[in-house]
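Inspection log for the structure reproduced underneath, given as structure tokens.
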Amino acid sequence: MTNLLTVKDLTMRFGGLLAVNGVNLEVGEKQIVSVIGPNGAGKTTVFNCVSGFYIPTAGSVMFQGKEMRGKPGFKIAQEGMVRTFQNVRLFKEMTVIENLLVAQHMHAEHNLLKGFFMTSDFKKKEQELMDRAAHWLEKVGLLDFANREAGNLAYGQQRRLEIARCMVTEPKLLMLDEPAAGLNPNETKDLDELIVHLKDEQGISILLIEHDMGLVMGISDQIYVVNQGEPLASGTPAEIQANPEVIKAYLGEE
Amino acid sequence: MQSRFSSAALAAGVTLILGFMVLGISFSVEGVVPTLEVSESHKIIGLLIGAGLVFLLQYFRAEVSKVTTKMKGDGQAHELPAFMRTEKQQRVLAFWAVGALLLFPFLSSRGAVDIATLTLIYVMLGLGLNVVVGLAGLLDLGYVGFYAVGAYSYALLNLYFDMSFWMALPIAGALAALFGYLLGFPVLRLRGDYLAIVTLGFGEIIRILLNNWTELTGGPNGIARIPKPTLFGLEFSRRPSEEGATTFHEFFGISYSSEYKVIFLYLMALLLVLLTIYVIRRLVRMPIGRAWEALREDDIACRSLGLNPTNIKLGAFTIGASFAGFAGSFFAARQGFISPESFTFIESAIILAIVVLGGMGSQLGVVLAACAMTILPEMAREFDEYRMLLFGLMMVLMMIWRPQGLLPMKRPHLELKRD
């Protein structure tokens, strides 16, 4: 079985600082893979390198058998690898539904003339976008808020909207950067169910950065531990929980 | 209140000293000896009144600012007045407004129609720049460059290839769009201030090029005798320019009047403006319009969703430039004479002021601001040299009290309809 995403020897250097050094990741089809590690371990830097926001100093990022390293972020997103952000980045002054319409830009009708004359083609395409947006709003439970401004939603709702916004682009790999940060236990439980649903029903893979160990251990198929930019361990949740190195990195030495 | 009095007195004193330097002393040359003398008494009295005003304003500052904050509003987009809130009411209102504008030239003086035509040119320029600055959020200080490209396109095509206005109009628009695209390609990677400086340079380059490429453009002498547009081949001159052509008044068998031409130009400008408004209205509701707004809000999020920021910005730049091109070729046709002097930086600044004053992104706001910016200076002609001063004062006050513009944009939100 070929992997969806294979990251090899990923290295990122900012001047004299080696932020990420030789990290490897493998994400298979329909898998939930987590990256964990103490604060400042370089998890988000790994994300930024994989999603094309940084150009890694060395290493390779293969997605569906194609090299992604050095491609701009929007191209990588078009290939089907879409991410969320640690601090939610919604279009706050646009409505919820418009956030989802913008996200479908690459599926939209771009012929300006068709748009000017509102041909039936154009209307049909716009309606499709609208329907897909409504479909996903229902899935994340935000249908009642469709015409509200995104900036006015509660924090947990904004988080869910950001995931819905990624899903309307129809990705193959969804990358979530600390999706549970700032959520209360109930909301975290909903998130847990949503992520599992995405994997089982939509058949996509998920790459997750998270500090909430309950969430990570419960849903991950595979876990990678990063510490100070270096890969520390990898394995199933059970293996990681038993790994003395990991415990040392988190709790310190005696 | 000791401090209140002293600070007000200080402000008045500074006003007096500075004002005296500017207005109080006059410099004259008697023979070869330059002399300084105190100016006429009315200027001195004016100065004293001014200083008194400053004193009062500073002394009652707290009370004044209470009033001004009330005028400022909450900084949010204001609700439209009750009679134009629903789409149907707006449509009826727009219908009447267009009707009134169509009738206007037949009911007013030639001078008024002339100014109205000029205003319409600025409306068009403002609307075009509004796409770039207001909708896409790209600060363009060299917009006049595209205006010049449009104007010179028509003038040169006519001069060398004898092309008529109607043939040249789309070409001028396309050429301006091409320039926008070519300029945008390398510079749209830049952000904010850098983009502003590069576009500023671009505007100047175009002007200097036109000024110095004497063989092609006639340099500072400009190009004269650019023909006016025709109505399906009918000219508006007293006599046809060539054998066999018919003029408007001959065709309809009416006596010649130079007013027909003015009215025709006005109606044409009105048509162009309405077309511009319609096109931009549609654009805002299309995927590219949504992308412009999203990009203005958060370009990192846009990239993460697979939107190519460079392409989307280029779209805004190119479309904005093409409107300047249309406006430019119409300007050339109306004036009959163009020279690089018409395309200085101050023009860019005025167009930008129209956009900012109107409220970024708001079409109606831009239309109102363009009217204010062209009609007010005309009305204030009797103040001659103080005109620019008043203009500046208006801008400063506007920015203090209504930084969001006359009519801030309330973008039409797409609604999810549910059954």
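Going down the list, the protein sequences come from chains A and B. Every position in the first sequence, counted from 1, becomes a number in this note's numbering once 1274 is added. Counting from 1, position 112 in the second sequence corresponds to residue 105 in this note's numbering; the numbering is continuous, with no gaps. Each residue gets a CB set at the ideal place from its N, CA and C atoms; glycine is no exception.
- In the same chain as A/V1297, and ignoring 5 residues on each side of it, the C-beta atoms closer than 7 angstroms to its own belong to V1281, L1284, V1320, V1500, P1505, in chain order.
- Close to B/I293, with beta-carbon spacing below 9 angstroms, are these residues of chain A in chain order: F1327, G1347, F1359, R1363.
- A straight-line Cα-Cα distance of about 35 angstroms links B/I216 and B/A129.
- The DSSP assignment places 1347 to 1353, 1370 to 1377, 1386 to 1390, 1394 to 1413 as complete runs of the alpha helix (DSSP H) inside the stretch 1340 to 1426 of chain A, in order along the chain (cut-off: 4 residues).
- Near chain B, meaning a CB-to-CB distance below 9 angstroms, the residues of the stretch 1413 to 1429 of chain A are L1417, A1420, N1421, E1423.
- Our two residues, A/T1462 and A/G1289, have alpha carbons roughly 38 angstroms apart in a direct line.
- By the neighbour-count definition (other C-beta atoms within 10 Å, threshold 16), B/F229 is a buried residue.
- Just measuring C-alpha positions, the residue of B/G354, B/Q51, B/F20, B/G121 sitting nearest B/L3 is B/Q51.
- Counting every other CB atom within 10 Å of its CB across the protein chains shown gives A/H1379 a total of 16 or more, marking it as buried.
- Contacts with chain A (Cβ-Cβ distance below 8 angstroms) from the stretch 295 to 315 of chain B involve C295, R296, S297, L298, G299, L300, N301, P302, listed in chain order.
- Just measuring C-alpha positions, the residue of B/A55, B/Q397, B/G24, B/V7 sitting nearest B/R(-3) is B/A55.
- Sequence-distant Cβ neighbours of A/I1371 in its own chain, meaning closer than 8 angstroms and more than five residues away, are M1404, A1407, A1408, L1411, A1420, N1421.
- Rounded to the nearest angstrom, the gap between the Cα atoms of B/R182 and B/L188 is 8 angstroms.
- Distances from the CA of A/L1489 to each of A/P1511, A/A1293, A/M1355, A/I1521 were compared; the closest alpha carbon is that of A/P1511.
- Residue pairing by DSSP places A/P1505 opposite A/V1500 in a beta bridge.
- Residues of chain B with a Cβ closer than 8 angstroms to the Cβ of A/F1288 do not exist; the shortest Cβ-Cβ separation is about 18 angstroms.
- Listed in chain order, the beta strand (DSSP E) runs fully inside the stretch 143 to 222 of chain B amount to none, counting runs of at least 3 residues.
- Look at the stretch 1304 to 1333 of chain A and you find these whole runs of alpha helix (DSSP H), each 4 residues long or longer: 1317 to 1324.
- Contact annotation: A/V1324 and A/S1479 have beta-carbon atoms that are not nearer than 8 angstroms.
- Contacts with chain A at 8 angstroms (Cβ-Cβ) do not include B/A141.
- Looking at the DSSP output, A/F1337 shares a beta bridge with A/L1279, A/K1340.
- Here the alpha carbon of B/A141 sits roughly 12 angstroms from the alpha carbon of B/F316.
- Nearest in C-alpha terms to A/L1386, of all of B/F225, B/R278, B/A169, is B/R278.
- Contact check between the stretch 1359 to 1376 of chain A and the stretch 1439 to 1454 of chain A: three or more CB pairs, one atom from each, fall below 8 angstroms, which counts as touching.
- Per DSSP, the continuous alpha helix (DSSP H) segment holding B/L49 begins and ends at 34 to 52.
- Nearest Cα to A/G1316 within the set A/E1303, A/R1287, A/F1337: A/R1287.
- Not one beta carbon of chain B lies nearer than 8 angstroms to the beta carbon of A/R1434.
- Taking C-beta separations shorter than 8 angstroms and ignoring five residues to either side along the sequence, the partners of B/R218 in its chain run G329, F330, following chain order.
- Residue burial is scored here from C-beta neighbours: B/A362 has at least 16 other C-beta atoms within 10 angstroms and is therefore classed as buried.
- Counting only the Cα atoms, A/Y1524 lies some 50 angstroms from A/E1383.
- When Cβ pairs closer than 8 angstroms are counted between the two stretches, the stretch 146 to 157 of chain B is seen not to touch the stretch 197 to 206 of chain B, the count staying below three.
- Here B/T28 carries a strand assignment [DSSP, helix/strand/coil].
- Under the three-state reduction of DSSP, A/A1455 is assigned to coil, being neither helix nor strand.
- For A/L1447, no chain B residue has a C-beta closer than 8 angstroms to its own C-beta; the minimum C-beta separation is roughly 13 angstroms.
- The shortest C-alpha to C-alpha distance from A/G1354 to any of B/G194, B/R283, B/G299, B/G177 is the one to B/G299.
- In this model, A/L1482 and A/I1306 are separated by some 7 angstroms (Cα to Cα).
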